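Student: Note that the numbering used here has the sequence shown beginning at 1, numbered continuously upward.
Built from N, CA and C at the ideal position, the CB exists for glycine as well.
The structure displayed is predicted, hence computed values, not measured ones.
This is the structure I have questions about; it appears just below.
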Amino acid sequence: MQKDPGRATDLMRRGAETNDEAGYSTLACYHYGVALCEGRGVAKAPETGLR
Numbered sequence: 001m002q003k004d005p006g007r008a009t010d011l012m013r014r015g016a017e018t019n020d021e022a023g024y025s026t027l028a029c030y031h032y033g034v035a036l037c038e039g040r041g042v043a044k045a046p047e048t049g050l051r
């Protein structure tokens, strides 16, 4: 299976926008923010990633 950082980051974004009771959205939000800060799969946007 090929790695697709853009697709992975998109899935993290979708998970971060979902509210769940188990807390997975919080974890997705963290990983999405890190991806934004480091520019993994998306354009580097540290100011957005820190929000």
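Would you say the segment 41-49 touches the segment 14-27, given that touching needs at least three Cβ pairs under 8 Å?
Tutor: No, the segment 41-49 does not touch the segment 14-27.
Student: For Gly33 versus Gly6, is the C-beta distance shorter than 8 Å?
Tutor: The residue labelled residue 33 in the question sits at position 33 within the sequence shown. The residue labelled residue 6 in the question sits at position 6 within the sequence shown. Against a cut-off of 8 Å, the Cβ pair of Gly6 and Gly33 comes out as no contact.
Student: Label Thr9 either buried or exposed according to how many other C-beta atoms from any shown protein chain fall within 10 Å of its C-beta, with 16 as the threshold for buried.
Tutor: Against the sequence shown, residue 9 aligns to sequence position 9. So Thr9 counts as buried.
Student: Would you decide whether Met12 is buried or exposed? Buried here means 16 or more other CB atoms lie within 10 Å of its CB.
Tutor: Taking the first residue of the sequence shown as position 1, residue 12 is located at position 12. Buried, since its Cβ has 16 or more Cβ neighbours within 10 Å.
Student: Go to Val34, then tell me how far its alpha helix (DSSP H) extends in each direction, as first and last residue.
Tutor: Taking the first residue of the sequence shown as 1, we reach residue 34 at position 34. That run of the alpha helix (DSSP H) goes Tyr24 to Glu38.
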